[in-house]
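Asks: Have a look at this one.
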Amino acid sequence: MGKRLSKIYTRTGDLGETGLGDGNRVKKNAPRVQAMGSVDELNSILGLLIEEIIDQQHAGIQPIGEFLRYSQHRIFDLGGELSIPDFRIIAAKHVTDIEIRLDELNADLAPLENFILPGGSRLIATFHMARSICRRAERDIVTLALDTTINEEGLKYLNRLSDYLFVAARYTAKSQGVNEVLWQKDLI
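If you're matching positions, the sequence shown starts at 1 in my numbering and goes up one per residue.
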């Protein structure tokens with residue numbers, strides 16, 4: 001493991017720059033830093049979601065929390081990738097892991113016949129918040145890819161994770177007996 005911080009403030013970012021993992025300095029609004037920030041925000045909302053799942057003490061959804069905890073570590077890895085240009089950690093195996101879990105959850109759900117709005121319970125809404133933050137992180141990495149080479153497996157990972165979060169919200173609603181909030185077309 002690299003250096004550990006003994007002092008949190010360094011004053012090196014006071015003029016709008018930050019250091020990357022390879023020692024280079026870039027503007028805090030650079031596409032790479034935007035992507036890193038979105039990935040960090042995703043990790044934070046996953047932490048909140050996991051704690052909400054634990055607080056529910058509902059056995060049927062605890063495996064989702066366990067998988068999301070594992071996923072949090074992979075999201076941290078992805079942030080590390082972004083902070084060091086040309087560094088790779090996320091691999092096809094990680095994408096496949098999500099696909100397997102996604103298929104397992106989705107197998108128990110009725111086919112989707114309508115758009116679903118975030119809601120039904122705080123937990124379900126938090127799944128959707130995490131999903132939307134995941135999608136933003138994905139978009140930010142796509143923006144970064146316009147200027148530099150990225151690890152495509154990391155991008156695929158975020159894409160599958162957002163799908164997993166959507167299906168996990170539906171699965172949670174079903175296992176807790178909560179009605180999903182279905183979009184209703186305005187008839188005026």
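A virtual CB, placed ideally from N, CA and C, is assigned to each residue, including glycine.
Keep in mind it's a predicted model, so treat the numbers as computed, not measured.
Taking the alpha-carbon positions, what's the residue 30 to residue 148 distance?
Replies: The count along the sequence shown starts at 1 and reaches residue 30 at position 30. The count along the sequence shown starts at 1 and reaches residue 148 at position 148. So the alpha carbons of these two residues sit roughly 12 angstroms apart.
Asks: Are residue 127 and residue 183 touching if we call contact CB-CB under 9 angstroms?
Replies: Taking the sequence shown and counting its residues from 1, one reaches residue 127 at position 127. Taking the sequence shown and counting its residues from 1, one reaches residue 183 at position 183. Result no, Cβ atoms of residue 127 and residue 183 do not sit closer than 9 angstroms.
Asks: Tell me where the alpha helix (DSSP H) around residue 189 begins and ends.
Replies: There is no way to answer for residue 189, as the model of the chain reaches only from 1 to 188.
Asks: Out of 181, 136 and 161, which one is the CA nearest neighbour of residue 37?
Replies: Within the sequence shown, residue 37 is the residue found at index 37, counting from 1. Comparing Cα positions, the closest option is 136.
Asks: Is it right to say residue 166 is buried, meaning 16 or more other beta carbons lie within 10 angstroms of its own, or is it exposed?
Replies: The residue you call residue 166 lines up with position 166 of the sequence shown. Counting Cβ neighbours within 10 Å, residue 166 comes out buried, since at least 16 surround it.
Asks: Would you give the residue range spanned by the alpha helix (DSSP H) that residue 135 belongs to?
Replies: Taking the sequence shown and counting its residues from 1, one reaches residue 135 at position 135. From DSSP, the alpha helix (DSSP H) with residue 135 extends over 122-145.
Asks: Whose C-alpha, out of 161, 90, 179 and 54, is nearest the C-alpha of residue 103?
Replies: By one-based count along the sequence shown, residue 103 stands at place 103. Minimum Cα distance to residue 103 is reached at 161.
Asks: Distance check for residue 97 and residue 70, CA to CA, integer angstroms please.
Replies: Position 70 of the sequence shown, counted from the start, is the residue given in the question as residue 70. Position 97 of the sequence shown, counted from the start, is the residue given in the question as residue 97. For residue 70 and residue 97, the distance between alpha carbons rounds to 11 angstroms.
Asks: Tell whether a beta-carbon distance below 9 angstroms holds between residue 174 and residue 78.
Replies: The count along the sequence shown starts at 1 and reaches residue 174 at position 174. The count along the sequence shown starts at 1 and reaches residue 78 at position 78. No, Cβ-Cβ distance for residue 174 and residue 78 is not below 9 angstroms.
Asks: Just how far apart, CA to CA, sit residue 107 and residue 25?
Replies: The residue given as residue 107 occupies position 107 in the sequence shown. The residue given as residue 25 occupies position 25 in the sequence shown. Those two C-alpha atoms are separated by around 47 angstroms.
Asks: Going by CA-CA distance only, name the one from 130, 117 and 74 that's closest to residue 49.
Replies: Here residue 49 is taken as the residue at index 49 of the sequence shown, counted from 1. Out of 130, 117 and 74, 130 has the C-alpha closest to the C-alpha of residue 49.
Asks: Thinking C-alpha only, which one of 33, 187 and 76 is nearest residue 44?
Replies: Looking up residue 44 in the sequence shown gives position 44. Of the listed residues, the one whose Cα sits closest to residue 44 is 76.
Asks: Residue range of the beta strand (DSSP E) that residue 26 falls in?
Replies: For the purposes of this step, residue 26 is identified with residue 26 of the sequence shown, where counting begins at 1. 25-27 is the extent of the beta strand (DSSP E) around residue 26.
Asks: Just how far apart, CA to CA, sit residue 157 and residue 171?
Replies: Position 157 of the sequence shown, counted from the start, is the residue given in the question as residue 157. Position 171 of the sequence shown, counted from the start, is the residue given in the question as residue 171. For residue 157 and residue 171, the distance between alpha carbons rounds to 20 angstroms.
Asks: With DSSP as the reference, please indicate the residues paired to residue 17 in a beta bridge.
Replies: Along the sequence shown, one-based indexing puts residue 17 at 17. Paired residue(s): 27.
Asks: Closest to residue 159 by CA distance: which of 92, 180, 122 and 84 is it?
Replies: Translated into positions along the sequence shown, residue 159 becomes position 159. Among 92, 180, 122 and 84, the Cα nearest to that of residue 159 belongs to 92.
Asks: Please work out which residues of its chain come closer than 6 angstroms, Cβ to Cβ, to residue 121, disregarding the five sequence neighbours upstream and downstream, and give them in chain order.
Replies: Start at 1 with the first residue of the sequence shown, and residue 121 comes out as number 121. Excluding positions up to five away in sequence, the list reads 178.
Asks: In angstroms with no decimal places, state the Cα-to-Cα distance between residue 89 and residue 64.
Replies: As a working note, residue 89 is residue 89 in the sequence shown. As a working note, residue 64 is residue 64 in the sequence shown. So the alpha carbons of these two residues sit roughly 23 angstroms apart.
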